[in-house]
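Here the sequence shown is numbered in the working numbering, starting from 992 and rising by one per residue.
What follows is a short report on a single structure.
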Amino acid sequence: MEIKDGVDMHESYQELRTWREKVMPGLIPDPEQLNVCHDQLISRTIRLAEERVEMEQGKPPAPFAFYLMGSAGRCEQSIWSDQDHGLIFEGGRVDQDYFLSLGAEIKRGLAAVGYEECEGDVMSSNPVWCQPKEEMKQQVSGWLQQEDWQALRHMQIFFDSRVLAGGKDMLQPVKNGIFTTLHEQPHLYQRLVENVKYMKKGKGVFGQLLPEQKGSRQGSVDLKQTIYFPFVNAARLLAFYKQLYVPSTLSRYADLEEDFPELRFYKQQFHEFLQFRLHKAGESDGYGGVHYVPVHSLKTEEKKQLKSWMKYGHQAFEYARTVLSKEGVL
């Protein structure tokens, strides 16, 4: 049975959760199929949420699109994933209450299916992420102009977005606004770099892995902060500069290779890391554990590989910064 057929036959959030728990563990060896499965599960959840809201409030008052951000937007989800999503719609502020209700039902449905709510409230139930198209464009461009660190972070979160349901082209004008602002005010690249330049140390002065020293993840290496983010941030910085709409990190590296052939090596390293992370995620205890791996569980060769990826992630970021500097925008 095709994944889509398996998902579409279910008529409740609980049925979808049961199907997910049965099917997803078997997709760990195939990251592409795993992300297809996530997309189909989320799409079906959205449809069920739409039906519930339509029964109470009628049809949507304007065309709209549901979009994903974060690892879901980048097609880089592990077996466990939290929620990062928004709604964008035609029309005006008068229609927002309807879509906020839809966003709240989508949030509830996804939680029931097994997607934890986003701790930062980056969800379509939040007015910040549920906006008319023109207002969203103004908001995102405004984030880029603000001195506030959080505003710039929001802009970068939005940039890693893609439409999953609804009007496929609705995000493009918003991203065009980002590109236009950066082209007209290239000094803003410095702030983009400053916003993501901090990289958590994963290795000590003697080359040993540095695990968490306290808390529930004590003794585990933070893969997200020490490896994943440096690769992702490097590709995003260059995607801003080359005006790439695609949110996937691997796709960004692939598109950038023509101008920057050195990135081919980093693309391959990132791909191998994603395979490793997904394999280890199968041993995790939920979303909170997918980004950590206990040092004691690692073989000698795996420890060596993690150290190499940490080095390559930092190199990729420095390469991106060097390119922007040579291009005269830093």
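Every residue gets a Cβ at the ideal spot worked out from N, C-alpha and C, and that includes glycine.
Where do the ends of the beta strand (DSSP E) carrying residue i lie?
i       : result
PRO1285 : 1283 to 1285
CYS1121 : 1121 to 1123
If we ignore side chains and look at the alpha-carbon of each, how far apart do residue i and residue j end up?
i       : j       : result
ALA1307 : LYS1098 : 35 angstroms
LEU1247 : GLY997  : 36 angstroms
GLY1210 : GLN1130 : 41 angstroms
SER1132 : ILE1169 : 6 angstroms
HIS1174 : VAL1320 : 9 angstroms
TYR1188 : LYS1166 : Before going on, a small fix: residue 1188 reads as Lys here, not Tyr. About 22 angstroms.
LEU1018 : GLN1137 : 42 angstroms
ALA1311 : GLN1266 : 23 angstroms
ALA1292 : ALA1102 : As written in the sequence, residue 1292 is Glu, which differs from the Ala given in the question. Spanning the two alpha carbons is a distance of roughly 37 angstroms.
ARG1182 : GLU1081 : 31 angstroms
ARG1008 : LYS1205 : 33 angstroms
GLU1322 : THR1036 : As displayed, the chain neither begins before 992 nor continues past 1321, which places residue 1322 out of reach and without an answer.
SER1288 : GLU1274 : 10 angstroms
PHE1057 : CYS1066 : 15 angstroms
PRO1177 : SER1316 : 11 angstroms
MET992  : ASP999  : Since pLDDT at MET992 reaches only 44, below the 50 mark, its modelled position is unreliable, and no value is offered.
ARG1038 : HIS1305 : 41 angstroms
ASP1073 : GLU1107 : 5 angstroms
GLN1296 : SER1003 : 43 angstroms
GLY1268 : PHE1256 : At residue 1268 the sequence reads Arg, which differs from the Gly that was named. Each residue's alpha carbon lies about 18 angstroms from the other.
LEU1201 : GLN1141 : 28 angstroms
LYS1128 : PHE1149 : 11 angstroms
TYR1236 : TYR1303 : 25 angstroms
GLY1064 : PRO1238 : 6 angstroms
PHE1222 : ARG1243 : 11 angstroms
THR1313 : VAL1184 : 11 angstroms
LYS1290 : PRO1020 : 20 angstroms
GLU1203 : PRO1052 : 49 angstroms
DSSP three-state call for residue i: helix, strand or coil?
i       : result
GLN1048 : helix
ALA1102 : helix
PHE1170 : helix
ILE1097 : helix
GLY1077 : strand
VAL1237 : coil
LYS1128 : helix
LYS1271 : helix
VAL1154 : strand
PHE1055 : strand
LEU1200 : strand
LYS1258 : helix
GLU1067 : coil
GLU1107 : strand
VAL1320 : coil
MET1000 : coil
The alpha helix (DSSP H) with residue i in it runs from where to where?
i       : result
SER1316 : 1291 to 1317
SER1062 : 1061 to 1064
VAL1212 : Per DSSP, VAL1212 belongs to no alpha helix (DSSP H); it is in the beta strand (DSSP E), 1211 to 1213.
TYR1180 : 1179 to 1187
THR1009 : 1004 to 1014
Check each candidate in the options and name the one with the smallest Cα separation from residue i.
i       : options                               : result
GLU1096 : GLY1105, ARG1043 and LEU1289          : ARG1043
TYR1031 : MET1046, MET1015 and ASP1086          : Checking the displayed sequence, the identity of residue 1031 turns out to be Gln instead of Tyr. If we check each option's Cα against that of GLN1031, MET1015 comes out closest.
GLN1199 : PRO1118, VAL1286 and GLU1253          : VAL1286
ARG1084 : ASP1075, GLN1122, GLN1068 and PRO1054 : GLN1122
GLU1023 : TYR1004, SER1069, LYS1194 and PRO1221 : SER1069
GLU1012 : VAL1119, TRP1071 and GLY1279          : TRP1071
TRP1120 : VAL1284, ALA1272, LEU1162 and TYR1106 : LEU1162
TYR1089 : ASN1117, ARG1065 and GLU1107          : ASN1117
TYR1219 : LYS1258, ASN1026, ASN1186 and GLU1006 : LYS1258
ASP1250 : GLU1263, GLN1234 and PRO1238          : GLN1234
TYR1232 : LYS1191, THR1171, GLU1263 and LYS1271 : THR1171
MET1190 : PRO1177, ALA1225, GLY1157 and PHE1197 : ALA1225
GLY1195 : LEU1025, LYS1128 and MET1301          : MET1301
GLY1279 : VAL1027, GLY1105 and TYR1004          : GLY1105
ASP1086 : VAL1184, GLN1048, PHE1264 and PRO1020 : GLN1048
LYS1298 : GLU1253, HIS1270, PRO1164 and THR1217 : THR1217
Would the C-beta of residue i count as close to the ligand PLP, meaning under 8 angstroms from any of its heavy atoms?
i       : result
LYS1128 : Because no ligand of any kind appears in the structure shown, any question about the ligand PLP cannot be addressed here.
Quick test of your reading: residue i and residue j, contact by CB under 8 angstroms. State the CB separation rounded to the nearest angstrom.
i       : j       : result
LEU1229 : PHE1261 : Between PHE1261 and LEU1229 the Cβ distance is about 13 angstroms, and since that is not below 8 angstroms, they are no contact.
CYS1109 : ASP1075 : 6 angstroms
LEU1093 : GLU1041 : 7 angstroms
HIS1282 : LEU1179 : Not a contact, Cβ separation roughly 30 angstroms.
VAL1113 : MET1146 : 12 angstroms between Cβ atoms; not a contact.
ASN1186 : LEU1143 : 5 angstroms
PHE1055 : GLY1158 : 7 angstroms
Just checking: is the beta-carbon of residue i within a distance shorter than 9 angstroms of some beta-carbon in chain C?
i       : result
ARG1268 : No chain C appears in this structure, which consists of one protein chain only.
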